[in-house]
Amino acid sequence: MDTKFIIALLILAIPAFNFLLLGLGGVKMSHRTAGLIGTIGLTVVAVLSYYTAITYFFDYGCMEGAYQPVIGPFPDEANPAFHWLQFTDHLTLDLGIWLDPISVMMLVVISTVSLMVHVYSNGYMHGERGFQRYFAFLSLFTFSMLGLVVATNIFQMYIFWELVGVSSYLLIGFYYTKPEAVLAAKKAFIVTRFADLGFLIGILILSYYTNTFDFAVLTDVNGPVLTSPSGATFLGISVFSWATALLFMGGAGKSAMMPLHIWLPDAMEGPTPVSALIHAATMVVAGVFLVARLFPLYFILTPEVLTGIAYLAAATSLYAAVVACVQTDIKRVLAFSTISQIAYMLVALGVSGLGGHEGLGYMASMFHLFTHAFFKALLFLCAGAVIHAIGSNEMDRMGNLRKYMPITHITFLIACLAIAGIPPFSGFFSKDEILVAAFEKDKLIFFCQYFVAGLTAFYMFRLYYGIFWGTERDYGKHLPHEAPLNMSAPLIFLTVLTCCTGLLPFNELITSDGRPFDLHTEWGIALPSIAVGVLGIVVATVLYRRPNPLPQRMADSVRTLHRAAYRRFYFDEIYMFITKNVIFRRICSPVAWFDRHIIDGFMDFQAWWSNALSFRIRALQSGSLQFYVGVFIFSILVIAGLLIAFVF
Amino acid sequence: MNDLVQLMRPEMLLLAQVVFLLLFDLFAPDRARRHTDAVACALFLASIAVGFLPSTTGEAFGGMFTVTAMTQVVKNVLSIGLLLVFLQSRVWLSDERTSFKKAEFYILTLSTLLGMNLMISAGHFLLFYLGLELASLPLTTLVAYNKYSDESIEAGAKFVLIAAFSSGMMLFGISLFYGAAGADGLYFDVLSSRLAATPLQLLALVFFLSGVAFKISLVPFHLWTADVYQGAPTSVTAFLSVVSKGAAVFALMFLSFRLFAPLFEYWQYVVWALVVLTITIGNLFAMRQDNMKRFLAFSSISQAGYILLGMIAGTPLAMSSVVYYLLVYLVSNLGIFAVVSILENNSGKVHISDYRGLYRTNPYLSVVLMLFLFSLGGIPPFAGFFSKFFVFMAAADQGFYVLDFIALINTVISLYYYLLVVKAMFIADSENPIPTLHTDSWSRLCLTLCLVGTLFFGVFSGIYAFLSSGAWGL
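Heads up: the protein sequence lines correspond to chains A and B, in order.
Our numbering puts the first residue of the first sequence at 792, with every later residue one more than the last.
Our numbering puts the first residue of the second sequence at 22, with every later residue one more than the last.
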């Protein structure tokens, strides 16, 4: 087997092994050992991922001027056709490793953020009950997410997709004695499972009409799937539109697009490092990754679905940004900010074309995914440090913390500047490319995203001032203090990444067709976007730097809007109304009645007759031999008589 | 001559063992006789191992005795069953009331097995009948083995009388065939070509097959089963319910495929009715039993119905499903009997109500018994699920959907009473549970073997694949 695949398999195997080790043997270990095992394992994984990325990009990935997917370890010369499961003559399910620009990029993102979260968790979760369980789940999640990005076919992806979902469920509900955490875990699982139903149906439709699960076939622009697709339709719409839309439903569930976003804010009940890993940097971008992975399919066969995605994402990003402006729980602000930023990435994919400069949106989306992962993880980890120091998520319990937590303060500020799109931090570069791509394709979306960029700067600095400036609160006897080294070191490392990742030449490495293209900064768009970011910061500074009555007065002037935004535009209420009144009452109750009376009734009837009959006939087993013999001969005669009568 | 030795290898080995054990019991010193179990088991194990060696197929004695790949397989299956019975009966045999005559147990069971083998390989009515009698008469003695127990004596008396009666019925059927087809018509392959659906031949068919149905204890020829099973020593019951029944099933299988194939379409109607009756009646009676051995008697009656369900299709698929079903039934049921016999030997208790709270005192035995019961009930992933699946499939393959449906409903009913036992062990509480027992190593070995079979026969598709490949060589 090729070395690169051995390394790739190791990247998967180490967290899987750690999960088993910590899950089965964790109880017998000390906290220190468990944390060390998880962290060292992840360090190795990160190093191997970096090695894979470097060798892919600079050694074997580029063939004939374009980055090609490298697929293995099967089939190779020794195993010409390795099929894990054969469905039909044409449809087989293989397992393998797929290395291409976006998957190795994801390897880097996942292993880096996961490593940082592992290190950070050693401090953050110190002394918690279930410390070993926590690290076991982290390993499971990392394994699943890494497996998801290197999947060679959509079914393999689905397997890991579900594993990711279940590990997210386990981690959100980590504090299982807290009712809110249990409810949040349940909600996240049910909502994403519901979305995954769409994903599964999409996979089935797609594989039925294309006879393949393989990404290699599905995304081959010269292949049979994209050049001569089946013309079948359902309800007047092409089956491929159904398939890709349903696939995206799964992605929308994981990536918290409207209206399936309702689980993400609640998922903040999990430990904060988990939020940084799963609900900011990795799992929630699975939807983006899915669309990017199948991008040729979306773009060539179903451009209308892609456009739909762009509009849905634009609406989601605006919605989430507005809601983020009025939340008071700092993790919720970050959650809505995450929704908004992921929507940004999907907007970029939605407005993208295929190949060369046309594919700017694709590249920008991946670029933003990359930069966002680091600065958003950084924001969450900073928030975790603050929560760790204060013991609360609520902004009105915080204030003037810059005095006590200088490192957290500076790193948080840099992350805020990055997300606000201020150069030279990474967010500026990626966000700018998205705005350029949107401007070239659709002005409406552009203005929407432009406005969102301003809002982003505003709510992030509202958060920043609320935590680190403003009035000092009564912190009691234990004054807040800076986080310990194992928590602040990841903050610093991520800050470094936030400062430099913007300079990476994504246009040469990760493009829609694998070929590099020229890119210049479009100052005509970059300058206004910096301006709107600065404007948002200025407004936030005026309103929140020092305590003043202005914010309250503004909120009062648009009270209805403020209330609606604070209650997240009543999405949860609508869901509850629909589930309780429509689904439970109109659908579930009749089904339950049918189950209880018809199905159970049939079974009860069975029990009744068999019981009654067995009581009646029990005397036949009398023990009298004469009777037995009588029955014997009588039965022979009856059977023979009936048989002869029947035949003649 | 060499051919004859090859063809009759299992039978000759059995005969040699019987003779050796007879002489051993007579002439060996007491010190050696104490190890009769070990000697008998070792010999038998060796003969089983020989049975797995490749063998020739063909006919002997001018067509009286036939050997095919499939007969060899089923003979091996029966031998394994008997070995499991040997393993679990050792403790009972070492009891002071029986230890002095334990060689007889081995001699009699081995003779029975010899009779069964002859029955399975028979190509002529005479040999078939002789085999049947050889398989029945020693059983009578075995049933009455505990000769100071009234129950055992009563069971023996009932068994010998009803067996004699059924032999009479069968002989009458054979004589009718003789009348219909002539003297050389007693050869199966000759008779087969002369079979026609005349009233006389149909009558002969029913009389003849009633004798086999009696051995399989199909309803309505089953009434002796519960009384005899209850009265006989538990190890003998195990032998009766698995090995003896299995042999009769195999004999019936070969008869219906080889001999009665021309009448099969008519025979199917009878089988249809018998399946429904057997499964349902067996279930209905099993529900009300408290004595574990009676309970198992009715359970085994209903299981026989499922076996017959597999046979009704009359296809090679049906045949392999039947052999597979029997193999799985063999390990599951013998496992149950092993547990029952351990409990009975140590505490003298055989009632389901005595099993209350067993999990507290004997957790391993309870869990193992539960797994066997689950397998008999057809719960996945145990082997019993797969064996039921295959017989259902064989029947559905030939369009017996209604029959499958009835059998399926009965599966649910059977779950009820299997779970009653589980409930007694795990959920119900007792003030006076069976105390914690020590299990001897032979029984433990038997339980382990049965457990391995129950857990893995279903999962390893190789076994079923092997059987279905052998089914073609009828």
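No residue lacks a Cβ here, since even glycine has one placed at the ideal position from N, Cα and C.
Just so it is clear, the structure is predicted and the values come from calculations on it, not from any experiment.
Query: Test item: CB-CB of A/V908 and A/V1065 under 9 Å; Result: yes
Query: Span of the alpha helix (DSSP H) around A/I888; Result: Where A/I888 is concerned, there is no enclosing alpha helix (DSSP H), although the beta strand (DSSP E) it sits in stretches over I888 to L890.
Query: Own chain partners of A/G1146 with C-beta closer than 7 Å, once the 5 adjacent residues on each side are dropped; Result: S1303 and D1304
Query: Those runs of the alpha helix (DSSP H) which lie wholly inside the stretch 1219–1285 of chain A and span at least 4 residues; Result: 1234–1259
Query: 9 Å Cβ cutoff, B/A179 in contact with chain A; Result: Residue 179 of chain B is actually Lys in this sequence, not Ala. Answer yes: the Cβ-Cβ gap between B/K179 and chain A drops below 9 Å somewhere.
Query: Cα-Cα separation, A/A1206 to A/R1354; Result: 29 Å
Query: Residues near A/H1272 by beta carbon distance below 7 Å, same chain, minus five either side; Result: A1180 and Y1195
Query: Close Cβ partners of A/G1432 (< 7 Å) along its chain, the five nearest in sequence each way excluded; Result: none
Query: Beta-carbon gap between B/G136 and B/N97 smaller than 9 Å; Result: no
Query: Cβ pair B/M308, A/S894 closer than 9 Å; Result: no
Query: Below-9 Å beta-carbon distance, B/Y199 vs any chain A residue; Result: no
Query: Euclidean distance between Cα positions of B/F229 and B/E172; Result: 30 Å
Query: B/S215 at chain A interface by Cβ criterion, 9 Å; Result: First, the amino acid is wrong: residue 215 of chain B is Arg here, not Ser. No, B/R215 lies away from the interface with chain A (no Cβ there is under 9 Å from its Cβ).
Query: Contact with chain B by A/G1414, beta-carbon distance below 9 Å; Result: yes
Query: Short CB-CB distance (under 9 Å) between B/I322 and chain A; Result: no
Query: Given B/L488 as reference, the closest of B/Y350, B/N367, B/G356 and B/M340 once Cα atoms are compared; Result: B/M340
Query: N- and C-terminal bounds of the beta strand (DSSP E) containing B/A81; Result: G79 to A81
Query: Residues near A/F990 by beta carbon distance below 8 Å, same chain, minus five either side; Result: Y949, W952, L1037, L1038, M1040, G1041, G1042 and G1044
Query: Rounded C-alpha distance that separates B/S464 from B/H56; Result: 17 Å
Query: CB contact below 9 Å: B/L148 versus chain A; Result: no
Query: Which of helix, strand or coil DSSP assigns to A/T794; Result: helix
Query: Contact the stretch 357–365 of chain B vs the stretch 283–303 of chain B: 3+ CB pairs below 8 Å; Result: no
Query: Any C-beta of chain A under 9 Å from that of B/A247; Result: yes
Query: The stretch 221–234 of chain B: positions lying closer than 7 Å to chain A by Cβ; Result: L223, L224, V227, F228 and S231
Query: Residues within the stretch 415–444 of chain B neighbouring chain A, beta-carbon criterion of under 7 Å; Result: I430, V433 and I434
Query: Unbroken alpha helix (DSSP H) run spanning A/F926, endpoints; Result: F922 to V940
Query: Segment contact, 8 Å Cβ cut-off, at least three pairs: the stretch 1406–1424 of chain A with the stretch 69–89 of chain B; Result: no
Query: CA nearest to the CA of A/V1227, picked from A/M1251, A/V1177, A/F1308 and A/W1314; Result: A/W1314
Query: Min CB distance B/N304 to chain A below 9 Å; Result: yes
Query: B/A184 to B/L468 span [Cα, whole Å]; Result: 32 Å
Query: Runs of beta strand (DSSP E) lying entirely within the stretch 79–121 of chain B, each at least 3 residues, in chain order; Result: 79–81 and 86–88
Query: Cβ pair A/Q1240, A/A1229 closer than 9 Å; Result: yes
Query: Cβ-based burial, A/P1215 [other Cβ within 10 Å; buried from 16]; Result: exposed
Query: Environment of A/N1298 [buried if 16+ CB atoms lie within 10 Å]; Result: buried
Query: Of the listed residues A/V899, A/N1013, A/T1063 and A/L1009, nearest to A/Y911 (C-alpha basis); Result: A/T1063
Query: Segment limits, alpha helix (DSSP H) that includes B/I183; Result: D171 to A202
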